[in-house]
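Residue numbers (this note's numbering), protein chains in the order written: chain A, 1 to 487; chain B, 488 to 974.
Have a look at this one:
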């Protein structure tokens, strides 16, 4: 709604008049139309820059890409400086570095800290990609590449929104950027960095684009994220691989045992059986559940798009509830025995699994990891030994919808999309959001522009060119709206 | 018992007098002492020849070793000719070749067909070997190498027993050799070869060394082998890998589902739940079970040697029964999702397993494979699709202990080891034994010399030098005893 915005904008301009003449003048010039035409005029360059970043295989999980991860950090630093930052630095950590950048207009003005990540998920299995994961291409208006959506594409929108403001009179307040390289492996070193740089990271709000909208027809803002507990399991039977003909039937097979143990983690209603697992799970009111179930959702389209005959989940809950407000348990990987071509009659010594649990608000990652470990050890028969190793994790998050930040984001969507965004609870996890709350005392606004079928973490990850450009526009509007509402 | 043997041998010598003077004369010269000293005098060469064969990584399951498998076939052909065969040939099949060789003394004399295999199991995981699998070494009197026992070492004993006879007057009757290259992958092309060469393979008996003795203190002859049904499972959930945060809890995870399906294949008593699975299983009498349980077995030593706190198996049966007379079901391999370093929150599209069932006599491989497939498909929830692909298999075998072949083997052990061998039922499977019975109408004598802890199919496979040399001696005695008893 550009008209009402303009009116409010003038008021804003008058206020900052006292502070900085140049800004006032230039900001007044950056009308929504002006921002839009700047983005339109520069879109090919914006995309080409993103493609350069997408070509760097910055897979944080796999140490063989260590140099590439570093190269991506350097690229982000340079991009921040080019976009108008006064300062940008690649900050060392025990693992991959954090890129920090800032544009300080005036310390007395509000400050927004943008968070994103430049690392990506592993791209394997490579053979399932229609085009190589690190050679971005645009097909049917979508950018195909690992990281196109998660999170290089979404993170880069912020740098280009910053540029759009910088080149057109400057941002309306102070901007800080913290772009990390370990989001896909648990952000452990980011937590240390944040702890050590509380002063530097001081801000009014954190802005993050690493989530999805319902559809381009139904923009939405994420107001809930699930937490995550991720463990790796090792089950050991005999001290060496055995011949299944000689020992089979008399010695526990760790694969069979692991399967039995995994199967026992859910009952016939797909309820998780770990004692205490649901103790802190928030039970929503009928009204709250009704609101969730009002979001547009077409089950037969969902099944068709996934190629499945039927869905499956916890009894008593809808699909939107199962992915939004209920905790889950998934095996993300399993391996053991002979997995090559042909047949081998081995009774293996060891079997392994990677298991993650999505947690809802109030469930604490560390507590759940401990409950899992205790339970898993307790159900192991004497014929095997089990080892549970925690990977990264994080707690769930609920974003209040009555904050200025949320209202500004809502307005920004209304301005750019002509529609009021629907508040949604996402199934995914951004573990650092609860950490930011805890360590910095800051709320985050989760203003993502991906789509659920963008295949993040899958082969053929994509991100719409429309979403990328519209996202930049929306982010510019957010900063203008937030500046205005903070007066 | 050389004394009583000598007496019988003279009678034998008189019998064949009518047939072939030369053979009679020379065989009469090959006393047990003479054979023993020939083996002793040539043992270093015998071992060096075996080592050459062990150095060839003839892994039949993995196509990247195809050339090596061929090289092993050529080696066996050359070794047969050198040992005294009139004819030796590498016979093409649709897969790896069969080596056939023969020494025809006189068509009217008995003929024994020796079966063995020159292919080996995959050697991975390589990192668990104390010395490289294809660089044989002798440590503490054991030959360490993939195939040392299964079956290169045991097969090569027959070639060296043949040489021992050839160089000392000749074998007492016709000998044929059929050494295949696909035993570890199901002998499918051998079945075709046998079907197409019934005439050529005509014999009185098949002699095989691909089994174990209880211990060097307790020689034994295998009189029962379990059959094998081996299937590969593919479980498909969604049509692509998904983000477990976005879809987890609402879409079936094929790994969880596979685990649940595998877990359901056994009940709390470790009884297999496939309908009809036990229908044809022979129930042994108390006397028969008592006989089995009289075999020397030390449970605490068994557990200590395997490094396990407890054993696990079908309720109501002893360890010897579980591995000898009861059918089993083992997962030999499982894989799916992300199995690399670190964590990936993927809900995979597919999960896989290799499952084998050991069958007891009267259970038919094809029937069991069909029962498994039908059952597995029937328990699959609508949220996934499953595909069951049969690998190789074979039926169980019972060897009659009142045949001339068995009696000759028993005598040969008595001659060479000074002890009457114990008839045992082995847990393993040699699927071709029932095929030989069916297609050629021939019984097999399973005169193996391995030990259960030889780690066949495992890292650090070994074979005793003692077993190798004593085996050659015993095989020579078998041929002499069988010739004598067939008079």
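In this text, a Cβ means the ideal position worked out from N, Cα and C, and glycines have one as well.
Asked	Found
Starting from the beta carbon of residue 608/B, find every residue of chain A whose beta carbon is closer than 7 Å, and list them in chain order.	344
Entirely within the segment 88-121 of chain A and at least 3 residues each: give me those beta strand (DSSP E) ranges in chain order.	98-103, 111-117
With the cut-off set at 8 Å, would you say residue 561/B and residue 577/B are in Cβ contact?	yes
Given a threshold of 16 other Cβ atoms within 10 Å of its Cβ, counted over all protein chains shown, does residue 154/A qualify as buried or as exposed?	buried
For residue 110/A, I'd like the list of residues in its chain whose CB is within less than 6 Å of its CB, leaving aside the five on either flank, ordered along the chain.	173, 204, 486
Using beta carbons (cut-off 8 Å, strictly below), is residue 238/A in contact with chain B?	yes
Use the C-beta contact count for residue 758/B: other C-beta atoms within 10 angstroms, 16 or more gives buried, fewer gives exposed.	exposed
What residues match up with residue 335/A in a beta bridge as DSSP calls it?	352/A, 822/B
For the segment 940-956 of chain B, which residues have a CB atom closer than 7 Å to at least one CB atom of chain A, in sequence order?	942, 943, 944, 945, 946
Tell me, please, whether the CB atom of residue 315/A is closer than 8 Å to any CB atom in chain B?	no
Relative to the C-alpha of residue 750/B, which candidate in 256/A, 391/A, 50/A, 267/A has its C-alpha closest?	256/A
Which same chain residues end up closer than 6 Å to residue 160/A when comparing Cβ atoms and leaving out the 5 residues on each side of it in sequence?	46, 472
May I ask you to list, following chain order, the residues of the segment 253-275 of chain A that have a beta carbon less than 7 Å from some beta carbon of chain B?	253, 255, 256, 259, 260, 262, 263
For residue 957/B, report the span of its alpha helix (DSSP H) as first-last.	952-972
Any idea which residues DSSP pairs residue 450/A with across the strands?	212/A
Mind listing which residues of the segment 809-822 of chain B have their C-beta closer than 9 Å to chain A's C-betas, in chain order?	809, 810, 813, 814, 815, 816, 817, 818, 819, 820, 821, 822
Would you mind working out which of 831/B, 710/B, 730/B, 881/B sits nearest residue 779/B, comparing C-alpha positions?	710/B
Might you give, ordered along the chain, the residues of its own chain that have their beta carbon closer than 7 Å to the beta carbon of residue 333/A, omitting 5 neighbours on each side?	353, 354
Strictly under 8 Å for the Cβ-Cβ distance: is residue 797/B near chain A by that measure?	yes
Mind pulling the chain B residues with CB within less than 9 Å of residue 521/A?	Because residue 521/A is not part of the residues shown, which for chain A are 1 to 487, the question remains open.
Under 8 Å Cβ to Cβ from residue 83/A, same chain only, skipping five residues before and after it: list those, please.	159, 160, 162, 163, 166
Evaluate the contact criterion for the segment 274-293 of chain A versus the segment 775-792 of chain B: three or more CB pairs, one atom per stretch, below 8 Å.	no
Is the segment 425-442 of chain A touching the segment 403-415 of chain A, taking contact as three or more C-beta pairs under 8 Å?	no
Check the Cβ-Cβ distances between residue 635/B and every residue of chain A, and say whether any is below 8 Å.	no
Can you give me the C-alpha to C-alpha distance between residue 322/A and residue 129/A, rounded to a whole angstrom?	29 Å
Put residue 927/B into one of helix, strand or coil per three-state DSSP.	helix
If we count the other Cβ atoms within 10 Å of its Cβ and call it buried at 16 or more, is residue 365/A buried or exposed?	buried
Rounded to the nearest angstrom, what separates residue 220/A and residue 232/A at their Cα positions?	34 Å
Do residue 136/A and residue 123/A count as a contact pair if the criterion is CB distance below 8 Å?	no
Buried or exposed: which applies to residue 96/A, given that a residue is buried once 16 or more other Cβ atoms fall within 10 Å of its Cβ?	buried
Can a CB atom of chain B be found closer than 8 Å to the CB of residue 391/A?	yes
Who are the Cβ neighbours of residue 725/B in its own chain at under 6 Å, not counting the five residues just before and after it?	738, 836
When the Cα atoms are used, what is the spatial distance from residue 764/B to residue 855/B?	7 Å
Just mark residue 253/A as buried or exposed, buried being the case when its beta carbon has 16 or more other beta carbons within 10 Å.	buried
Ignoring anything shorter than 4 residues, give me the alpha helix (DSSP H) runs that lie fully in the segment 30-86 of chain A, in order along the chain.	32-54, 66-83
Quick one: is residue 338/A near chain B, going by C-beta distance under 8 Å?	yes
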